[in-house]
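Some notes on the structure that comes next.
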Amino acid sequence: MRKKHHLLDHKWQKIGFGIFAVCVLLCLVFWQAIINDLYPHVFIKDIQTDPAGSGWASALVLLFTPISFALMALSQEIQEDERIVEIRHQALVTIVIIYIVWALLMFITTPFLVHLTSPTTMGKINMILKIPTAVPAFMGYYLLIFKLSLWKQNRELSDEE
Amino acid sequence: MKNNLRVERARVRMTQQDLADKTGVTRQTIVAIEQGKFNPSTVLALKMARVFGVTIETLFELEDTD
Numbered sequence: 000m001r002k003k004h005h006l007l008d009h010k011w012q013k014i015g016f017g018i019f020a021v022c023v024l025l026c027l028v029f030w031q032a033i034i035n036d037l038y039p040h041v042f043i044k045d046i047q048t049d050p051a052g053s054g055w056a057s058a059l060v061l062l063f064t065p066i067s068f069a070l071m072a073l074s075q076e077i078q079e080d081e082r083i084v085e086i087r088h089q090a091l092v093t094i095v096i097i098y099i100v101w102a103l104l105m106f107i108t109t110p111f112l113v114h115l116t117s118p119t120t121m122g123k124i125n126m127i128l129k130i131p132t133a134v135p136a137f138m139g140y141y142l143l144i145f146k147l148s149l150w151k152q153n154r155e156l157s158d159e160e
Numbered sequence: 000m001k002n003n004l005r006v007e008r009a010r011v012r013m014t015q016q017d018l019a020d021k022t023g024v025t026r027q028t029i030v031a032i033e034q035g036k037f038n039p040s041t042v043l044a045l046k047m048a049r050v051f052g053v054t055i056e057t058l059f060e061l062e063d064t065d
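Residue numbers (numbering that gives the first Met the number 0), protein chains in the order written: chain A, 0 to 160; chain B, 0 to 65.
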C-alpha cells in the first residue's frame, strides 16, 4: 500500500536552493537599493538612493525569494519516509504556535507603542513587527525549523549501527 | 511500545541499512524505532515482520504505559 503525497521531486529542492542563493547574492550586491525600494517610507531619509538604479534587483528578489522558499518547502527529501513526514508536521505545528504568539504580542504591544514613540520610529517598529508575519517568511521559518529538526534528529540517530 | 527489532536483526545477521533498504525507509528511521523514539505505521511494521518472517506481535509489544 503506497501512501499518496503531493510533494515535488527532490531535484526541485536543489533548483529552489539555487534560486535562493542567487537572491541572497543579489541582496548582498544591491542591498542598499533593495532596502530603499522595499521600504521607501521608512528608510528614505536614512539611506541614499542608489544612483545607478537597481529596481530590477529588488523586483527579482521579491519575486524569486518566495518561489525558492515554496520549491524548497514543497519538495521531498532524498529519501522521504514516515519519520520525515512526522518532522514536517511538527515543524508546521511549531510555526503556527509561533505565529499565534507573535500575533498576540503585536495586538498587545502596538497600542502602547503608538502613544510612546514618534510616527517615524513607529513606522520602523511596525515594519519590524510585520516582516515575520509575511507569507514568504512563514515558508522560510517552516524550512528553517524543519531542516534544523531533521539535521538534529539525523545526527542523534546516525551514530549507532 | 517495546520492540524486539534489534534481537530479530541480530538473529538473521542483518544491518540497520539492510533493513532500511528492504523496508524503504532511512537507516535513521530504523535506529529511531529500535530506540523507541519513533512508532512505525502499521504498513511499516508489517513490512518489517515480513522481512524477518515473524508476526507483528513478535516484533512489537504494547506496554502498560501505552
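Cβ coordinates follow ideal geometry from the N, Cα and C atoms, glycine included.
Values in this document were obtained by computation on a predicted structure and should not be read as measured data.
Residue i beta carbon near the ligand ZN (any heavy atom closer than 7 Å)
{"i": "A/Phe-145", "result": "Looking at this structure, you won't find the ligand ZN or any other ligand, since it has none at all."}
Where residue i sits in the DSSP three-state scheme
{"i": "A/Phe-29", "result": "coil"}
{"i": "B/Asn-38", "result": "coil"}
{"i": "A/Ser-117", "result": "coil"}
Same chain, Cβ closer than 8 Å to residue i, five either side skipped, listed in chain order
{"i": "A/Leu-6", "result": "Leu-73, Ser-74, Gln-75, Glu-79"}
{"i": "A/Asp-8", "result": "Ser-74, Gln-75"}
{"i": "B/Asn-38", "result": "Met-0, Ile-32"}
Paired residues, beta bridge with residue i - DSSP
{"i": "A/Ser-57", "result": "Its beta-bridge partners do not exist; DSSP assigns none."}
{"i": "A/Leu-91", "result": "According to DSSP, A/Leu-91 bridges with nothing at all."}
{"i": "B/Asn-2", "result": "B/Phe-59"}
{"i": "A/Leu-7", "result": "A/Ser-74"}
Same chain, Cβ closer than 6 Å to residue i, neighbours up to 5 away in sequence not counted
{"i": "A/Trp-11", "result": "Leu-70, Ser-74"}
Close Cβ partners of residue i (< 7 Å) along its chain, the five nearest in sequence each way excluded
{"i": "A/Val-95", "result": "none"}
Residue i at chain B interface by Cβ criterion, 8 Å
{"i": "A/Ser-157", "result": "yes"}
{"i": "A/Arg-87", "result": "no"}
{"i": "A/Asp-80", "result": "yes"}
{"i": "A/Gln-75", "result": "no"}
Test: residue i CB closer than 8 Å to a CB of chain A
{"i": "B/Val-24", "result": "yes"}
{"i": "B/Leu-4", "result": "no"}
{"i": "B/Val-11", "result": "no"}
{"i": "B/Val-30", "result": "yes"}
{"i": "B/Phe-69", "result": "Outside the displayed span of chain B (0 to 65) sits residue 69 of chain B, for which this structure offers no information."}
Are three or more beta carbon pairs between the stretch 65-77 of chain A and the stretch 134-151 of chain A nearer than 8 Å? yes
Do the stretch 40-59 of chain B and the stretch 7-23 of chain B meet, that is, are 3 or more Cβ pairs less than 8 Å apart? The count of Cβ pairs closer than 8 Å, one atom from the stretch 40-59 of chain B and one from the stretch 7-23 of chain B, reaches three, so the stretches are in contact.
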